[in-house]
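As structure tokens, the structure follows; a few thoughts come after it.
This is the structure in structure tokens:
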């Protein structure tokens, strides 16, 4: 309201000033005398002002007419763009951007062919390939025309501004078709163009890990840390995984010294990484440094009890007596006394010492609360050692064959169990996704379960008069005599349980080697 009143007051003031000025000029004496070619013209004050205004307007109109004439001449000769050219250019550009917008809307709506059509129209009108080629490529991918999409991405490579987009698009196409070798080269090129691009870092890291390019993967991981796309603690963990993968490859090439150093480095980077702790401890054991090996395994066990840690702990002193081994394992078994792994470990130690009542007490009620295949197999060994009937032993073994496996190395991405830890999942190729957990279904059958029978119970002679009412029909269990081949990793371990007559024998601890300690008779690797 106040602003309206103010504008009205200003308008009244201007009108009053103009009226006063006109009145002043009318009453003023004198004027302007103009002499042209001997003729004189005298204008009054008011006429002079009016003449000045007319002259200014005439000059402005003259300049416009001259500019229009010059523009027409330039249009006729084609030397430069004229206003007419600019008018048509703006009109064409507006239509081109309208077509580009329609194409983007069609792409978002899932209409790939319509989006391609709009992109082609936009290209004709705009001549902006950095925009239209990208729309064409994405629309062609959506409609399933991979050849047209590839051609569009290749056109993007010609412009420095769109080169990264073109390389990334071609990389994703190669990943879709499963051509990982070419995808790795493209990912490396994309990474060199934009080292801070998070998606490119992740793709390159995964491809390098799958190709066992551990040194390259570690460089990529360092770039992720440098550009802030990875927390420092996660970087340390994954760097340890890569170092461990490198150590495993070196070990396969029989370069034991380099493998030990890489394993020790991996353990230093991530002390809770179980495979790294096992390999580093074995390396210290071979170097005759049992204290270092013990320290590493104790630290890893305090985080998560694991059978591989116990096996490595046994390999530190493979020739010790069973009583000495029980005592030496005290720090491990006392760390997590209620953990199922600790209970099974204690039971295994007592079985090796032929103290079967103590073994049964150590394993407690796991057979009822957590009846995994390993628990039930241990129970079969305990019953066999305590002199129970063969039917009882067979009953435990029959249950073990179909019982859940318990914790395993399971991929967090695809939920596939693995027999051994690996840096990369064998199923989905995900990097650093294997965790020691129970599978979701929990009902994985025991592979080659029948081959465990002679390992646990020896050459058992079937009962002469089986009683069908006892629920343990021997015909339901494979005959031991029909089993000719033991698993390779059980060679030399039968003596832990049975002698030549099938009876429980004295554990031959002094003959055990670092690869097959007495402790491992029911380890996870023996029941796969």
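Residue numbers (the working numbering): 1 to 528. Every residue, glycine too, gets a C-beta built ideally from N, C-alpha and C.
Bounding residues of the alpha helix (DSSP H) (the contiguous stretch that carries residue i)
i: residue 117; result: 112-126
i: residue 424; result: Taken as a continuous stretch (DSSP letters only), residue 424 belongs to no alpha helix (DSSP H), as it is neither H nor E.
i: residue 388; result: From DSSP, residue 388 is part of no alpha helix (DSSP H); its letter is neither H nor E.
i: residue 178; result: That residue, residue 178, is in no alpha helix (DSSP H); it is neither H nor E in DSSP.
i: residue 200; result: 198-210
i: residue 360; result: 356-363
i: residue 403; result: First-last for residue 403: undefined, no H or E at that position.
i: residue 152; result: 146-156
i: residue 368; result: 366-369
i: residue 161; result: That residue, residue 161, is in no alpha helix (DSSP H); it is neither H nor E in DSSP.
i: residue 326; result: 322-328
i: residue 273; result: Unbroken run through residue 273: none, as it is neither H nor E.
i: residue 129; result: 129-143
Short Cβ contact (8 angstroms threshold) for residue i with residue j
i: residue 163; j: residue 170; result: no
i: residue 266; j: residue 244; result: yes
i: residue 250; j: residue 259; result: yes
i: residue 96; j: residue 135; result: no
i: residue 363; j: residue 385; result: no
i: residue 424; j: residue 210; result: yes
i: residue 354; j: residue 307; result: no
i: residue 303; j: residue 344; result: no
i: residue 207; j: residue 191; result: no
i: residue 129; j: residue 159; result: yes
i: residue 319; j: residue 328; result: no
i: residue 372; j: residue 405; result: yes
i: residue 380; j: residue 359; result: no
i: residue 285; j: residue 264; result: no
i: residue 138; j: residue 186; result: no
i: residue 221; j: residue 193; result: no
i: residue 277; j: residue 314; result: no
i: residue 51; j: residue 43; result: yes
i: residue 333; j: residue 346; result: yes
i: residue 110; j: residue 148; result: no
Run of the beta strand (DSSP E) containing residue i, from where it starts to where it stops
i: residue 304; result: Run containing residue 304: none; DSSP gives neither H nor E here.
i: residue 411; result: 408-411
8 angstroms Cβ cutoff, residue i in contact with chain B
i: residue 348; result: Within the model displayed, chain B is absent; a lone protein chain is all it includes.
Residue i (DSSP reduced to helix, strand or coil)
i: residue 431; result: strand
i: residue 235; result: helix
i: residue 4; result: helix
i: residue 484; result: Confidence at residue 484 is low in this model, with a pLDDT of 31, below 50, so the placement of that residue should be treated as unreliable; the coordinate-derived value is given next. In this structure, residue 484 counts as coil in the three-state DSSP scheme.
i: residue 33; result: strand
i: residue 417; result: strand
i: residue 44; result: strand
i: residue 377; result: helix
i: residue 288; result: coil
i: residue 446; result: The pLDDT assigned to residue 446 is 40, lower than 50, so where the model puts this residue is not dependable, and the model offers no usable value.
i: residue 230; result: coil
i: residue 353; result: coil
i: residue 109; result: coil
i: residue 337; result: coil
i: residue 348; result: helix
i: residue 316; result: coil
i: residue 18; result: helix
i: residue 213; result: coil
i: residue 331; result: helix
i: residue 372; result: coil
i: residue 219; result: helix
i: residue 11; result: helix
i: residue 68; result: helix
i: residue 194; result: coil
According to DSSP, residues forming a beta bridge with residue i
i: residue 39; result: 36
i: residue 437; result: 408
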